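Protein chains in written order, with full-length UniProt numbering: chain S, 1 to 167; chain R, 1 to 343. Structure record follows, encoded as structure tokens.
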């Protein structure tokens, strides 16, 4: 459906020139503003030289598997995250446990918990779906690998991801 | 030291070499200024990473050098379907007039030494056709574009070339008629006479209308935004889609060389050439005054490019035929009436 928009131009708009000069005033003011701003104060952060420090708490970066203070995984291998994942990036192999007498009793735990970082779209649905707050997205954004295999990370790496801002 | 070398023939060669080198250097700096200026206007940073010896960044001034080297060493292949002869000569046809045009522009005050008069333009000023020479060669430039678009055997290229030719046709008239006003007030086609006639008052003051028309038409003539129809890099595809490596960079250099010549021409016609209060009392000062004015107009090209969006094709035609042409005629009539009855 075409929307026809009638714009009534005033005389001063019709002769272009005042509008053009006004626009040129705006652009040159931006030019001088940027020219006299030192590079450290500009919007652009030139990444390898400088890093963005004040990443907001809700930023969705590298995943982390949370543990209890005694080191046991919070994950109970319920598959909620893997089901919620729209990119099919999470692979879980569960194993049955019978440790009801322990401090954190659970029936199942993941034997294999892999996240394919090439598939992951960092949407945070896994975080939302998790009933145990076991998987969270931290604000690490420097996710670099040199091979495809290295992009698939397991429990050991996921546990080691640093927490942000204390928890 | 210079006394022995200073004879007309040596001076001529010296001028040609220096002007050629300076113009091509300004081209390189203009591409850098364009990208940096665009970045600053849009609150970005722009190219600043190309460094000398990998250490000294010099504000990214190495970028044009790196770009040039890249284009120079890129593989130069012929797409299968092109017309090989035309495909090869099109960038040359575009490039040569662009570099030739500057020859007629006087960039400094003539001076007398040892009884011989030396003038600072490559063509001798007593070739009476200065203005026509520039128009003729500037009109040649579009042949490169048309031939390039045709030889590419690509419908989008030929459409770009067609837009360029239609644009040139509709703007050359207004441009020429605006300049006729200047010729009328000077009484000569010689560019040095035009500059001489502007001693005291630059043409932009009495002929502001003509200056505006000429300035607008200049953008269309050099295919710059907001009349960037031949290329239309961001959405409509242009005439050099099929070009690569050195052939592409010749089109690119031609565009910037045309910008420099058009700026120089505007300075000569309307901004008083090398005239500037106090500065033009010496020869060196007059050259400096000319270069400063030229760089300012060149910067205005870049400035306007990043201010205005591109016109639509029919808007361009309407502006050209219905507004600029009558305006230049009005300017011409005013100047003619003034010289018939007032002056």
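Ideal placement from N, C-alpha and C gives every residue a C-beta, glycine not left out. Being a predicted model, the structure only gives us computed values, none of them experimental.
Quick check on residue i - is its C-beta less than 8 Å from some C-beta in chain S?
| i | result |
| --- | --- |
| residue 308 (chain R) | yes |
| residue 1 (chain R) | Annotation note: pLDDT 46 at residue 1 (chain R) (below 50); position unreliable, no value reported. |
| residue 18 (chain R) | no |
| residue 214 (chain R) | no |
| residue 37 (chain R) | yes |
| residue 53 (chain R) | no |
| residue 32 (chain R) | no |
| residue 329 (chain R) | no |
Identify the contact partners of residue i in chain R, using a Cβ-Cβ distance below 7 Å as the criterion.
| i | result |
| --- | --- |
| residue 23 (chain S) | 307 and 308 |
Measure from the alpha carbon of residue i to the alpha carbon of each residue in the options, then state which is nearest.
| i | options | result |
| --- | --- | --- |
| residue 202 (chain R) | R:258, R:266 and R:162 | R:266 |
| residue 291 (chain R) | R:309, R:308, R:304 and R:272 | R:272 |
| residue 88 (chain S) | S:66, S:121 and S:109 | S:121 |
| residue 270 (chain R) | R:76, R:163, R:183 and R:61 | R:183 |
| residue 207 (chain R) | R:92, R:35 and R:336 | R:336 |
| residue 276 (chain R) | R:311, R:339, R:238 and R:196 | R:196 |
| residue 104 (chain S) | S:114, S:70 and S:154 | S:70 |
| residue 225 (chain R) | R:301, R:170, R:153 and R:104 | R:301 |
| residue 14 (chain R) | R:118, R:253, R:63 and R:67 | R:118 |
| residue 227 (chain R) | R:166, R:81, R:254 and R:101 | R:166 |
| residue 62 (chain R) | R:29, R:79 and R:72 | R:29 |
| residue 303 (chain R) | S:107, S:23 and S:47 | S:23 |
| residue 123 (chain S) | S:60, S:152 and S:109 | S:60 |
Which first and last residues belong to the beta strand (DSSP E) in which residue i is found?
| i | result |
| --- | --- |
| residue 136 (chain S) | 135-137 |
| residue 92 (chain S) | 90-96 |
| residue 112 (chain S) | 108-116 |
| residue 108 (chain R) | 108-113 |
| residue 117 (chain R) | 116-120 |
| residue 64 (chain S) | 63-65 |
With the cut-off set at 8 Å, would you say residue i and residue j are in Cβ contact?
| i | j | result |
| --- | --- | --- |
| residue 87 (chain R) | residue 39 (chain R) | no |
| residue 142 (chain R) | residue 328 (chain R) | no |
| residue 241 (chain R) | residue 157 (chain R) | yes |
| residue 299 (chain R) | residue 289 (chain R) | no |
| residue 82 (chain S) | residue 92 (chain S) | yes |
| residue 168 (chain R) | residue 99 (chain R) | no |
| residue 210 (chain R) | residue 181 (chain R) | yes |
| residue 280 (chain R) | residue 34 (chain S) | no |
| residue 256 (chain R) | residue 27 (chain R) | yes |
| residue 111 (chain S) | residue 76 (chain S) | no |
| residue 185 (chain R) | residue 144 (chain R) | no |
| residue 97 (chain R) | residue 140 (chain R) | yes |
| residue 264 (chain R) | residue 105 (chain R) | yes |
| residue 161 (chain S) | residue 63 (chain S) | yes |
| residue 127 (chain S) | residue 137 (chain S) | yes |
| residue 45 (chain R) | residue 67 (chain S) | no |
| residue 163 (chain R) | residue 230 (chain R) | yes |
| residue 82 (chain R) | residue 131 (chain R) | no |
| residue 170 (chain R) | residue 317 (chain R) | yes |
Give a yes or no on whether 8 Å exceeds the smallest Cβ distance from residue i to chain R.
| i | result |
| --- | --- |
| residue 167 (chain S) | With a pLDDT of only 42 at residue 167 (chain S), under the threshold of 50, the placement of this residue in the model should not be trusted; the figure read from the coordinates follows. It does not; no Cβ of chain R falls within 8 Å. |
| residue 31 (chain S) | yes |
| residue 35 (chain S) | yes |
| residue 6 (chain S) | no |
| residue 76 (chain S) | no |
| residue 46 (chain S) | yes |
| residue 144 (chain S) | no |
| residue 20 (chain S) | yes |
| residue 156 (chain S) | no |
Give the range of the alpha helix (DSSP H) segment to which residue i is assigned.
| i | result |
| --- | --- |
| residue 30 (chain S) | 17-35 |
| residue 193 (chain R) | 191-197 |
| residue 25 (chain R) | 8-41 |
| residue 129 (chain S) | 125-129 |
| residue 259 (chain R) | 245-270 |
| residue 64 (chain R) | 63-73 |
| residue 100 (chain R) | 84-100 |
| residue 345 (chain R) | With chain R covering 1 to 343 only, the question about residue 345 (chain R) has no answer from this structure. |
Can you list the residues of chain S that residue i reaches, using a CB-CB cut of under 7 Å?
| i | result |
| --- | --- |
| residue 43 (chain R) | 30, 34 and 43 |
Note down, in chain order, every chain R residue with its Cβ under 8 Å from the Cβ of residue i.
| i | result |
| --- | --- |
| residue 27 (chain S) | 41, 303, 306 and 307 |
| residue 112 (chain S) | Simply none; closest approach about 43 Å. |
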